[in-house]
Every structure is written in structure tokens, then in C-alpha cells.
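**Student:**
There are 2 protein chains.
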Amino acid sequence: MTTRREELARAATDYVLEHGLVGLSLRPLAARLGTSDRMLLYHFASKDDLVAAVLRVANDRSVAEVRALPAAPGVRAAVLALWAAVTSPRLSACQRMYVEAAALGLFGREPYASVVREANRDWVAAVAELLVASGTTRERAPRAVALLDAAMTGFQLDLPLDAGDPLLEQAVLDLADAVAAIAGAQGSA
Amino acid sequence: MTTRREELARAATDYVLEHGLVGLSLRPLAARLGTSDRMLLYHFASKDDLVAAVLRVANDRSVAEVRALPAAPGVRAAVLALWAAVTSPRLSACQRMYVEAAALGLFGREPYASVVREANRDWVAAVAELLVASGTTRERAPRAVALLDAAMTGFQLDLPLDAGDPLLEQAVLDLADAVAAIAGAQGSA
DNA sequence: CCGCCATTGTAGCGAGTGCTACAGTTGTAG
DNA sequence: CTACAACTGTAGCACTCGCTACAATGGCGG
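From first to last, the protein sequence lines are chains X and H. Per this note's numbering, residue 1 is the first one in the first sequence, and the count goes up by one each step. Per this note's numbering, residue 1001 is the first one in the second sequence, and the count goes up by one each step.
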């Protein structure tokens, strides 16, 4: 059985995924959910509390989707599969929200900074496991994920700028090669 | 001679670099600049107009700094020099603001979306010239910049999460290798 | 039936927002 | 001196914000 709070958190997440975190206001959100700001603040201690809950719901979805990805035949294929998942309609909205939250946390503003920190931890762990399952050694995975995660986040941030740009698709291929090189190389460090 | 508007734009930029775009409000900003919200709206048509001006000033600084970088002995060195520049005290604040603006533009909100679009164009061009001056062919430069720019943006976004992390430094080295590989390879595409 | 507790509606507070109307006050050109 | 334009201060409008005080309503255990 799901509590009313969880139900509201999920519905609110859908709303935020669509409208963004930045202008988020309790009254329009409540209207969309068929309730009132009064009730949101009854179930959540404050707006920040609600936002934190929403961020966690969205990140849980992202992480779950990555964990559900099957092991790929090689690192390169894993990267491409991850990119495909991350740009799918469902996850792209979550990623966009993550990027927005991370940007809001850039100046240490709470609750964004803390929640983003823990979300990133979970996300990195999930991606690392995908790489390991796809042939990367446990030892090498962290390095590979570091570049992979940063590049993908960067792609997401510029997505509205150059969606469909063939240069972007090429860059993803290049990224896959680079990550494969890191995962396979015997280089320094 | 600089107009009052330009002077205000520069001062406002310093303020925004320190406090961020998100909670930006005319009255506190004006107080810091020794003027009033009334005057800001006299010199700038609207808050959005002011914000656009600020974004342009900050981006001009970033681009100028990149253009001032000397040609490096090889692509790898160029990437490392760029990263050093971008994480220097002066530029890191500009980069942080760019990331914030890009995030605000994720949902198409103006004036962020448009200004970020043109800022990105200038930035990419400047970085491409640095790579070319450092040995990349003009033909290969766009591909190299695509990955380079995305990865660096991603690093910036996670900087508060793991500043000083040795994994980050390693990732920058890996990125340099990857970009060098793209710039030098005769691969497909 | 009573009392309790989770839940909800109404109304509003205090603060802050971008922006504007209006009345000056300069400095300068004719 | 005058007229005009550039600039600046005061006050306030209309609105939204997160949040709260207060008073119900409903169902369930005793």
C-alpha cells in the first residue's frame, strides 16, 4: 500500500519533469494534482521537503532503468546502450531535471546540493555496474565512469541547442571509443 | 569612453558571478551597485534585458581568455591548458554561470535559451581555434570540440561534488587523451 | 454516543517581485 | 534665459510567494 504522501510525490514528479524545477510554485502544482497548496504542506514539511522528495523519485527512476539494462557485449556497446536509454523519452526528462537540480546546487543552495550529491553517487554506482557487467574490470570502472558521466551530462545540457545534430551522434561514438580505451588500457594510474 | 549602461552591466556581472542567476533580484543587486532598481530599469529595458547583458559580458570574458591562450605543443597539452584556464578563479565563476544559464534554458525559457545558444557558438569557435593552433586539422576540430566541450561542461557541473578528487584529475587526463585520439585518428566519419 | 485523530477547506499574513507614474534635478545646446 | 533631454528619487501598484491560524469534517475505537 502506498501512502498519500508517496502518491503525491510521484504525481508531483511528473509535473516537475514537465515544467522544470526553477519556476516551481505550490499553487499551480497543487491545482494540477487536484489538491491545494495547503495539503501539499500538510504531507510535506515544506516546499524544500517536497522538492527533495521529487528529486529522489526522479533519480530512483533513472537508476532503476540503468540497473535494468542487460549486460552489453563490450564497453563500447554498453556506452551506446546507456546513451540510448538516457535519451529515451522517459529518462531524458529525468536527466534534464537532474541537470537542472545540479545547476541549482552549484551555489550550494539546499536542498539541491545535498540531494544531487547522493543522487550522483547512486547513478555513478549503477553505471559502473553496467560497465563491469559489460567487460570492464572493477578496478578500471571508476575512471571510465568519471569521463562517461561528465560527457553525457554535458551532452544533455546542450541537447536543446543541437538535438539531431550529426556532430552530436558522432561525439557519442567518440565517447564510446574513449571509454572503451580507458576500460581496456593498461595506461598509467 | 564607456557608457553608464556598460559600466552597470560589468558591475552587475560581478555580482551575479558571485550570487548566481537563480534568485537574482533587482533590489539587492541595485543596492550592491550603489543605485536603485529604478535606475537599473532605466538603463535596461527589463530584468531580462539586464540578464542578457550580464550573460554576454561573462561569456565575452570567457571567450577572450581562451583566445588569449597560446598555441600548445599538441592537442593533449592544449586540452590541459584549457582545463587549467577554465578552472582558474576568474573563469571558473564564468563557467559556473554559463552552466546555470544553460540549465535555465533547458525548458526554453528566455532570455536564457537564446543567449546561451549564441554564447555556446562563440565558445566552441574559440576552443576550435585553440585546437587548430595546437595541431588539430580544421576538418577534425569540430568533432574534437564536441566531446571536449561536453566533458568539460560535465566536469564543471559536478565540480562542487568532487572538487580535488583525484578521480577528476585522472578524468581530465583521460579526456585529453581521448580528444587527442579524435584529432589524430583517421577513423570513420 | 463520545472523544480522538488524521485530513481538509478558507482565509489571510508578511514579505518580496518586476515594474511604473510622477515629480523633480541636472547639464547643455540654442 | 530658455527649452529640452538625460537622469534620478519617492512612492506605490498589482501580484505571487511560502506558509499558517483556525475551524471544520469524517471515520474509527472505546
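Even glycine gets a Cβ: it sits at the ideal position worked out from N, Cα and C. All figures in this text were calculated on a predicted structure; none of them were measured in a lab.
Give the straight-line distance between the Cα atoms of X/Leu29 and H/Ala1009, rounded to the nearest whole angstrom.
**Tutor:** For the purposes of this step, residue 29 of chain X is identified with residue 29 of the first sequence, where counting begins at 1. For the purposes of this step, residue 1009 of chain H is identified with residue 9 of the second sequence, where counting begins at 1. Taking the straight line from one Cα to the other gives about 35 Å.
**Student:** For H/Asp1049, name the three-state secondary structure that DSSP assigns.
**Tutor:** For the purposes of this step, residue 1049 of chain H is identified with residue 49 of the second sequence, where counting begins at 1. H/Asp1049: helix per DSSP, three-state reduction.
**Student:** Put H/Ala1176 into one of helix, strand or coil per three-state DSSP.
**Tutor:** Here residue 1176 of chain H refers to the residue found at position 176 when the second sequence is read from its first residue. DSSP places H/Ala1176 in helix when its eight states are reduced to three.
**Student:** Against chain X, with Cβ distances strictly below 8 Å, would H/Ala1189 count as a contact?
**Tutor:** For the purposes of this step, residue 1189 of chain H is identified with residue 189 of the second sequence, where counting begins at 1. Confidence is the limiting factor: at H/Ala1189 the pLDDT is only 41, short of 50, which leaves the residue's position unreliable, though a coordinate-based value still follows. At least one chain X Cβ lies under 8 Å of H/Ala1189.
**Student:** Could you name the residues of the segment 119-144 of chain X whose beta carbon sits closer than 7 Å to any beta carbon of chain H, in the order they occur along the chain?
**Tutor:** Result list: Asn120, Pro142, Arg143.
**Student:** DSSP state of H/Phe1044, grouped into three classes?
**Tutor:** Here residue 1044 of chain H refers to the residue found at position 44 when the second sequence is read from its first residue. It is coil, neither helix nor strand.
**Student:** Could you give the DSSP three-state label for H/Asn1154: helix, strand or coil?
**Tutor:** Residue 1154 of chain H sits at position 154 when you count from the first residue of the second sequence. Looking at the sequence provided, one finds Gly at residue 1154 of chain H rather than Asn. Helix.
**Student:** DSSP on H/Ala1011, reduced to helix/strand/coil?
**Tutor:** Position 11 of the second sequence, counted from the start, is the residue given in the question as residue 1011 of chain H. If DSSP states are grouped into helix, strand and coil, H/Ala1011 belongs with the helices.
**Student:** In chain H, which residues lie less than 9 Å from X/Leu104 when you measure between Cβ atoms?
**Tutor:** Taking the first sequence and counting its residues from 1, the one referred to as residue 104 of chain X is at position 104. Result: Gly1020, Val1022, Glu1100, Ala1103.
**Student:** Tell whether a beta-carbon distance below 8 Å holds between X/Val63 and X/Met152.
**Tutor:** Residue mapping note: residue 63 of chain X aligns to position 63 of the first sequence, counting from 1. Residue mapping note: residue 152 of chain X aligns to position 152 of the first sequence, counting from 1. Result no, Cβ atoms of X/Val63 and X/Met152 do not sit closer than 8 Å.
**Student:** Find the nearest neighbour of X/Met39 within the set X/Val51, X/Asp48, X/Leu26, judged by alpha-carbon distance.
**Tutor:** By 1-based counting over the first sequence, the position of residue 39 of chain X is 39. The shortest Cα separation from X/Met39 among X/Val51, X/Asp48, X/Leu26 belongs to X/Leu26.
**Student:** Just to confirm my understanding: we take H/Val1054, look at its own chain, exclude 5 residues before and 5 after, and list those with CB closer than 6 Å. What are they?
**Tutor:** Locating residue 1054 of chain H in the second sequence gives position 54, counting from the first residue. Same-chain partners within the cutoff: Ala1012, Thr1013, Val1016.
**Student:** Please classify X/Gly105: does DSSP put it in a helix, a strand, or coil?
**Tutor:** As a first step, residue 105 of chain X is located in the first sequence; it is residue number 105 there, counting from the start. Three-state result, X/Gly105: helix.
**Student:** How many Å lie between X/Arg5 and X/Asp49 at the Cα?
**Tutor:** In the first sequence, counting from the first residue as 1, residue 5 of chain X sits at position 5. In the first sequence, counting from the first residue as 1, residue 49 of chain X sits at position 49. Using only the alpha carbons, I get a separation of about 11 Å.
**Student:** On the criterion of 16 or more Cβ atoms from any shown chain inside 10 Å, does H/Asp1165 qualify as buried, or is it exposed?
**Tutor:** Locating residue 1165 of chain H in the second sequence gives position 165, where the first residue counts as 1. The residue in question, H/Asp1165, is exposed, as its Cβ has fewer than 16 Cβ neighbours within 10 Å.
**Student:** Taking the alpha-carbon positions, what's the H/Asn1120 to H/Gln1156 distance?
**Tutor:** Numbered from 1 along the second sequence, position 120 holds the residue referred to as residue 1120 of chain H. Numbered from 1 along the second sequence, position 156 holds the residue referred to as residue 1156 of chain H. So the two alpha carbons sit approximately 15 Å from each other.
**Student:** Taking any Cβ of chain H, which residues in the segment 35-51 of chain X have a Cβ under 8 Å from it, in chain order?
**Tutor:** For the segment 35-51 of chain X, which is checked against every Cβ of chain H, not one residue is closer than 8 Å.
**Student:** Residues of chain X with a CB under 9 Å from the CB of H/Asp1060: which are they?
**Tutor:** Residue mapping note: residue 1060 of chain H aligns to position 60 of the second sequence, counting from 1. Per Cβ cutoff of 9 Å: no residues; H/Asp1060 is ~19 Å from chain X at best.
**Student:** Considering only C-alpha positions, which residue in the set X/Leu69, X/Trp123, X/Ala163, X/Asp158 is nearest to H/Tyr1112?
**Tutor:** Numbered from 1 along the second sequence, position 112 holds the residue referred to as residue 1112 of chain H. Checking every option, the nearest Cα to that of H/Tyr1112 belongs to X/Asp158.
**Student:** With DSSP as the reference, label H/Arg1138 as helix, strand or coil.
**Tutor:** Here residue 1138 of chain H is taken as the residue at index 138 of the second sequence, counted from 1. H/Arg1138: coil per DSSP, three-state reduction.
**Student:** Can the beta-carbon of H/Val1192 be found closer than 8 Å to that of H/Leu1175?
**Tutor:** The question about residue 1192 of chain H has no answer here: the residues shown for chain H are numbered 1001 through 1189.
**Student:** Is any beta-carbon of chain X found at less than 8 Å from that of H/Thr1003?
**Tutor:** By 1-based counting over the second sequence, the position of residue 1003 of chain H is 3. Closer than 8 Å: no.
**Student:** Three-state secondary structure (DSSP) at X/Asp165?
**Tutor:** If you number the first sequence from 1, residue 165 of chain X lands on position 165. Three-state result, X/Asp165: coil.
**Student:** Taking the continuous alpha helix (DSSP H) assigned at H/Pro1208, which residues delimit it?
**Tutor:** The structure shown has nothing for residue 1208 of chain H, since chain H only spans 1001 to 1189.
**Student:** Alpha carbon to alpha carbon, what distance is there between H/Ala1068 and H/Gly1184?
**Tutor:** Mapped onto the second sequence, residue 1184 of chain H falls at position 184. Mapped onto the second sequence, residue 1068 of chain H falls at position 68. So the alpha carbons of these two residues sit roughly 24 Å apart.
**Student:** Kindly indicate which three-state DSSP category H/Ala1126 falls into: helix, strand or coil?
**Tutor:** One-based indexing of the second sequence puts residue 1126 of chain H at position 126. The answer is helix: DSSP assigns H/Ala1126 an H, G or I state.
**Student:** Using a Cβ cut-off of 8 Å (strictly closer), state whether X/Arg96 contacts chain H.
**Tutor:** As a position in the first sequence, residue 96 of chain X is number 96, starting the count at 1. Yes, X/Arg96 counts as interfacial toward chain H.
**Student:** Thinking C-beta only, is H/Val1079 closer than 8 Å to H/Ala1101?
**Tutor:** For the purposes of this step, residue 1101 of chain H is taken as residue 101 along the second sequence, with counting starting at 1. For the purposes of this step, residue 1079 of chain H is taken as residue 79 along the second sequence, with counting starting at 1. Taking 8 Å as the Cβ cut-off, H/Ala1101 and H/Val1079 do not qualify as a contacting pair.
**Student:** Counting only C-beta atoms, is X/Ala176 closer than 8 Å to chain H at any point?
**Tutor:** Sequence index remark: in the first sequence, residue 176 of chain X carries index 176 (1-based). No, X/Ala176 does not count as interfacial toward chain H.
**Student:** Am I right that H/Leu1130 and H/Ala1144 are in contact with their C-beta atoms under 8 Å? What's the rounded C-beta distance?
**Tutor:** The residue given as residue 1130 of chain H occupies position 130 in the second sequence. The residue given as residue 1144 of chain H occupies position 144 in the second sequence. At roughly 10 Å, the Cβ-Cβ gap does not stay under 8 Å, so H/Leu1130 and H/Ala1144 are not in contact.
**Student:** When we look at the beta-carbon of X/Ala189 and count the other beta-carbons within 10 Å, is it buried (16 or more) or exposed?
**Tutor:** Taking the first residue of the first sequence as position 1, residue 189 of chain X is located at position 189. For X/Ala189, the predicted structure reports a pLDDT of 41, less than 50, and the residue's modelled location is therefore unreliable. The matter cannot be settled from this model.
**Student:** Mind listing the chain H neighbours of X/Arg117? Cutoff is C-beta to C-beta under 8 Å, in chain order.
**Tutor:** Here residue 117 of chain X is taken as the residue at index 117 of the first sequence, counted from 1. Leu1161, listed in chain order.
**Student:** Using DSSP with H/G/I as helix, E/B as strand and the rest coil, what is X/Ser114?
**Tutor:** For the purposes of this step, residue 114 of chain X is identified with residue 114 of the first sequence, where counting begins at 1. Correct three-state label for X/Ser114: helix.
**Student:** Anyone know if the C-beta pair for X/Pro160 and H/Gly1105 falls short of 8 Å?
**Tutor:** For the purposes of this step, residue 160 of chain X is taken as the residue at position 160 of the first sequence. For the purposes of this step, residue 1105 of chain H is taken as the residue at position 105 of the second sequence. A contact, by the Cβ cut-off of 8 Å.
**Student:** Taking the C-alpha atoms as reference points, what is the distance between H/Ala1180 and X/Gln170?
**Tutor:** Mapped onto the second sequence, residue 1180 of chain H falls at position 180. Mapped onto the first sequence, residue 170 of chain X falls at position 170. For H/Ala1180 and X/Gln170, the distance between alpha carbons rounds to 15 Å.
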